[in-house]
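For the sequence shown, numbering that gives the first Met the number 0 begins at 0 and goes up steadily by one.
Data first, discussion second: the structure below is written as structure tokens.
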Amino acid sequence: MSDFSGYSSACALLFDLDGTIIDSRVGIVSTLHAVIAALGHTPDPQIDLTWVVGPPLAELMEEVIGAYGDRRVAEAIALYRHFYAERGRFLTPVFPEMDRLLRTLKDSAIRIFTATSKPASLARQILEQHGLDSCFEAICGAGDDDSGGEKPEMIARIASEYGLTPRRTLMIGDRRFDISGAHANQIRGLGVLWGYGGAAELTAAGADMLVETPGALGDAIIGQFEALSRHPA
């Protein structure tokens, strides 16, 4: 396991949740199917839902139910919240090695935060059920009404509220939203390949580094912090 003992609290990490820490696809897709059925449609297995992990809820819901000619977005969002809280959030295993990495980081001086498009309250519940909530200085995300879920504004808010230095901060995520949100705030973005975006999406977004596996993430973090120390602003 990587050694983070040489790093101070001047360094910070922002972690996306879905597709980075937890494998949430099954929980999200099964919840969407429940919503579609509750709205009176038969879920079509031919409709690709592999892209749904990452975008803000209102944005993805409009497209998902729009495929069925339905425009009841507000009702769909309310149903989604109900079904996800009831069942979907329990279908969220932690990716192998991420548990150990987060616990190792917790024992270092590096400051650790989430930056997720999920409501922060729901993110906390999920991390609590895995015993990982205490690894983070703050669990940051959207509001309970899904406001504030856009990554550029969210990352700016976290950096301002907690006094983070962009040149000593890294964003880690699996989708283009994570990378573009980081870059909008002059923060390096590491793209992880075990999530839902893939190498092509992350490369097109300008990821500063692609990380193949959770087991390689610790050394990637160290490499990026070392690169930042060699090239100060």
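Even for Gly, the Cβ is constructed at its ideal location relative to N, Cα and C.
Quick caveat: nothing in here was measured; it's all calculated off a predicted structure.
Please tell me whether residue i and residue j are closer than 8 Å, where the distance is taken between their beta carbons.
i: G214; j: E96; result: yes
i: G26; j: T91; result: yes
Does the Cβ of residue i have 16 or more other Cβ atoms within 10 Å, making it buried, or fewer, making it exposed?
i: T212; result: exposed
i: I138; result: buried
i: P118; result: buried
i: D234; result: Since the first residue shown for the chain is 0 and the last is 232, residue 234 is missing from the structure and cannot be characterised.
i: F176; result: buried
i: S116; result: buried
i: T41; result: exposed
i: Q223; result: buried
i: R167; result: buried
i: G140; result: buried
i: D15; result: buried
In chain order, what residues of the same chain have a beta carbon less than 6 Å from the beta carbon of residue i, not counting five sequence neighbours either side?
i: G194; result: G18, T19 and D173
i: G180; result: K150, P151 and I154
i: E200; result: R175
i: I125; result: R88 and T91
Pull up the distance between the alpha-carbon of residue i and that of residue j, whole angstroms please.
i: P151; j: A158; result: 11 Å
i: I21; j: H81; result: 20 Å
i: H129; j: F89; result: 10 Å
i: I178; j: M170; result: 7 Å
i: L54; j: D2; result: Contrary to the premise, residue 54 reads as Pro rather than Leu in this sequence. Between P54 and D2, the C-alpha separation is close to 33 Å.
i: T30; j: Y79; result: 6 Å
Here's a check: name, in chain order, each residue in its chain whose Cβ is nearer than 7 Å to the Cβ of residue i, leaving out the five neighbours to either side.
i: R102; result: C134
i: R123; result: D132 and I138
i: S23; result: D17, V52 and T91
Excluding five sequence neighbours on each side, which residues of the same chain lie with their C-beta closer than 8 Å to the C-beta of residue i?
i: I76; result: L56, A57, M60 and D145
i: A219; result: L189, M208 and V210
i: R110; result: S8, C10, A11, L12, E136, Y161 and L163
Item checked: Ordered list of beta strand (DSSP E) runs contained in the region 161-220, each at least 3 residues -> 168-172, 187-191 and 208-210
Checklist line | Segments of 4+ residues assigned as alpha helix (DSSP H) that fall wholly inside the region 77-157 | finding: Runs of the alpha helix (DSSP H) spanning 4 or more residues and lying entirely within the region 77-157 occur at 97-105 and 119-128, in chain order.
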